[in-house]
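Protein sequences, first through last, are from chains V and B.
The opening position of the first sequence corresponds to residue 1 in my numbering, with each subsequent residue numbered one higher.
The opening position of the second sequence corresponds to residue 1 in my numbering, with each subsequent residue numbered one higher.
Even for Gly, the Cβ is constructed at its ideal location relative to N, Cα and C.
Quick caveat, the model's predicted, so the values are computed rather than measured.
Some notes on the structure that comes next.
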Amino acid sequence: MSKSAPAAPVKQKTAVPAKQNSLKRRPRSAGAKALRRIEPYLWIAPSMILMAVFILIPIISVFQMSMSDVSKAGKIKGFNGIANFTKVINGSAFSLVLKNTLVWTVAVVVLSTILGFVLALILNNQFKGRKIARAIVVFPWATTLVIQASAWNFIINTDYGTLNTLLIKLGILQQGMNWTPTPEAYFAWEIACGIFVTIPFVTFCVLSGLQSIDTSFYEAATVDGANYWQKLFKITLPLVKSSLTVSTVLNIIYVFNSFPIIWTMTKGDPANHTDTLVTYLYKLAFYNGRQGEAAAVSVIGFLILLLCASVYMIYTLRKGDDM
Amino acid sequence: MNEAAVKKPVSVKKTILRVLLYFVVLDVCIITLYPYFAMLCTALKSRVEIFSPNGTILPITALWSNFIDIWSRAPMAKYLLNSILIAGGSTLIAMLCGIPAAYALARMRFKGQTAFLGFVIVSQMFAPVVLLIGIYKVMMTLGLTDSILGLIFINAAFNQAFTIWLLRGTFMGISAEMEQAATIDGCNRLQSMLRVLLPVAAPGIVTTLIFIFINAWNEYTVALCLISTDTNKPLTVGINIFNGYNMIEWQYLFAASIFAIIPVVIMFMTIEKNLVSGLASGGVKG
């Protein structure tokens, strides 16, 4: 299909030079030239169509809905400017949700990046059972978030959770403890679960960076009398910076948009205390039928991410083309 | 004499560091495996034992029948089949669209190349959950709500960025000389890609393939939103049938979860090394 499509325009273009020139080669090469010009677009066409239909159109439709009066059934009734945005921003829960989102994203990304980096340094040593340790560390990355969150929900349960059972059996606790006395405590557990599942990704990104470092750097530094910390900050960190940047940027996006952990553990309850922007917008759209406002929340979330991305872009561009 | 005196403290320090290293690694492994251990133990307990006030760590008697009961208590076989169809179908479509695109980006120069790559990267910033309202609308128009085919397309589309990213990195790491030689021998581009490039790029392609499969297998949010018929649900959504409003059948939930986890963990362990180097190289070259 993709091969036959360009045939018509190619023929039209070659028709003119063919009349002027009796050489048989000329039109063919001109045709080939035109074909070569459109050829790349044929190669990317399937991917482009797929992404246009299932990503680009939804993006456009969300932006359109965010500025429209939308019925409960999702029908657009007319343009209403920034009414949805003001409604959302003035909503009683919005500032809390926004705060939760920032706490969630910053806490999970920062802590998992630090812990993941340290874990990578540990796993980069030569020791017996290293392969097994690396295979085990991959587990949380491979497990679907819903199941991981269900498991944690069970573990920390006050009445029958295994964490209490374990601590009582070990003699650390006398009786079961309430691990989630407040919504904030529950939210902290959700963050812990988020960190738990994010660490492996950071660890493996950093490990790949560490393994590409030439050991002669360290040998030279040892000869010069550098200690462990000097080597860490002067050699290791600068050289794994690019892997660390990739993992951090991707993690900011994933964690910001992460839905299953919070949805499985608390559904954002009680009263939006554990809601982030994505669970909030899900409820607005599919529980309350306020799709216009939900779209506005989507757009706000996107703008925040875009801001982060452009800060990152400006930062790397200013640093020059050392990537 | 003098040398020995210097050496001794170093080796003691080294031994301590070694012991510390093993201690930390062991702790990390135990903490990482703990949820899985808890899930397995719970999956083997009876309902009474789970909710009893005198909690146990290991099951009193291992109730392997829980692993059999789930197949009759819920349409588990259907969920499993749906998950396989969704993950397999998404992988197939994502690869069919992604390989040519990655090839064009790695081997050709064309106008709009940067713009296309830019869109691919920006598309990463939109998780499906943020676009759910828009996705739902598109699916309504196409008549694909509540259908497995719809989920296949969504997963394929949202994995395009990764597919293109990883494959472009792989292709760029392979010299174009062999393909040029094949072209001189009379192959067209399609043939030279299929016969020369793809076999060489096989490790990278397999890594990408498995990664998409796992992503689609683990996808939850879109399936939760789009699928309403019980028999169309994948495992991730379906197993929550045991997680009712009034009563949670933990033993069944975790027994079913283990079925959903095992294949993916095995696959992931096989590609883990390649995947990360692919991610990093794609990132650096981009």
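Here DSSP, grouped into helix, strand and coil, assigns serine 11 (chain B) to helix. Contact between serine 243 (chain V) and serine 208 (chain V) holds, since their C-beta atoms are separated by about 6 Å, short of 8 Å. Residues of the stretch 168 to 181 of chain V that bring their beta carbon within less than 7 Å of a beta carbon in chain B comprise Lys169, in sequence order. Closer than 8 Å to the CB of glutamate 272 (chain B) there is at least one CB belonging to chain V.
Residue-level contact by beta carbon holds for tryptophan 250 (chain B) and chain V, with a gap shorter than 8 Å. Between tyrosine 220 (chain B) and leucine 145 (chain V) the beta-carbon gap is near 7 Å, inside 8 Å, which marks them as a contact. Residue-level contact by beta carbon fails for tyrosine 79 (chain B) and chain V, as no gap is shorter than 8 Å. Per DSSP, aspartate 224 (chain V) has no beta-bridge partner at all. Lysine 45 (chain B) has a beta carbon lying at 8 Å or more from every beta carbon in chain V. Contact annotation: the stretch 254 to 263 of chain B touches the stretch 76 to 84 of chain B, with at least three C-beta pairs closer than 8 Å. Contact of cysteine 187 (chain B) with chain V is not assigned, every C-beta pair being separated by 8 Å or more. Comparing alpha carbon positions, the residue from V:Tyr41, V:Ala185 and V:Lys72 closest to leucine 105 (chain B) is V:Tyr41. For cysteine 41 (chain B), same chain residues with a beta-carbon under 7 Å away, outside a window of 5 residues either side, are Ile57, Leu58 and Pro59 in chain order. When DSSP states are grouped into helix, strand and coil, lysine 77 (chain V) belongs to the strand group.
The C-beta separation of alanine 182 (chain B) from valine 196 (chain B) comes to about 5 Å, placing the pair in contact by the 8 Å criterion.
The beta carbons of valine 297 (chain V) and leucine 277 (chain V) sit closer together than 8 Å. DSSP lists V:Ile76 as the bridge partner or partners of valine 70 (chain V). Collapsing the DSSP output to three states places isoleucine 248 (chain B) in a strand. Within chain V, no residue has its beta carbon less than 9 Å from that of glutamine 180 (chain B); the closest one is some 15 Å off. The beta carbon of valine 137 (chain V) sits closer than 8 Å to some beta carbon of chain B.
Selection V:Val138, V:Ile147, V:Leu284 and V:Phe201 evaluated against valine 97 (chain V) yields V:Leu284 as nearest (Cα-Cα).
When DSSP assignments are scanned along the stretch 171 to 235 of chain B, the uninterrupted stretches of alpha helix (DSSP H) that are 4 or more residues long and fall wholly within it turn out to be 177 to 184, 189 to 192, 202 to 218 and 221 to 226. Separation of the CB atoms of isoleucine 30 (chain B) and alanine 101 (chain B) is rounded to 44 Å, and the pair is thereby denied contact status at 8 Å. In the DSSP assignment, serine 46 (chain B) falls outside any alpha helix (DSSP H) and carries neither an H nor an E.
Taking all protein chains shown into account, glutamate 272 (chain B) has 16 or more neighbouring C-beta atoms within 10 Å of its C-beta and is therefore buried.
Contact between tryptophan 250 (chain B) and phenylalanine 154 (chain V) holds, since their C-beta atoms are separated by about 6 Å, short of 8 Å.
Of all C-beta pairs linking the stretch 83 to 103 of chain B to the stretch 147 to 164 of chain B, three or more are shorter than 8 Å, placing the two stretches in contact. In chain order, Leu44 place their CB closer than 8 Å to the CB of alanine 62 (chain B), counting only its own chain and leaving out the 5 sequence neighbours on each side. When DSSP reads this structure, asparagine 243 (chain B) sits in a beta bridge with B:Ile248. In this structure, leucine 224 (chain B) lies near valine 237 (chain B), with their beta-carbon atoms less than 8 Å apart. Contact check for glutamine 148 (chain V) and cysteine 205 (chain V): beta-carbon distance about 20 Å, past the 8 Å limit, so the pair fails to qualify. Taking C-beta atoms under 8 Å as the contact rule, alanine 201 (chain B) and threonine 170 (chain B) qualify, at a distance of about 5 Å.
Taking the beta carbon of glycine 301 (chain V) as reference, the chain B residues within 7 Å of it are Val130, listed in sequence order. Proline 35 (chain B) has a beta carbon lying within less than 8 Å of a beta carbon in chain V.
Interface flag for phenylalanine 127 (chain V) against chain B is set, since a Cβ pair is found closer than 8 Å. In terms of Cα proximity to valine 202 (chain V), the closest of V:Asp214, V:Arg134 and V:Ala221 is V:Arg134.
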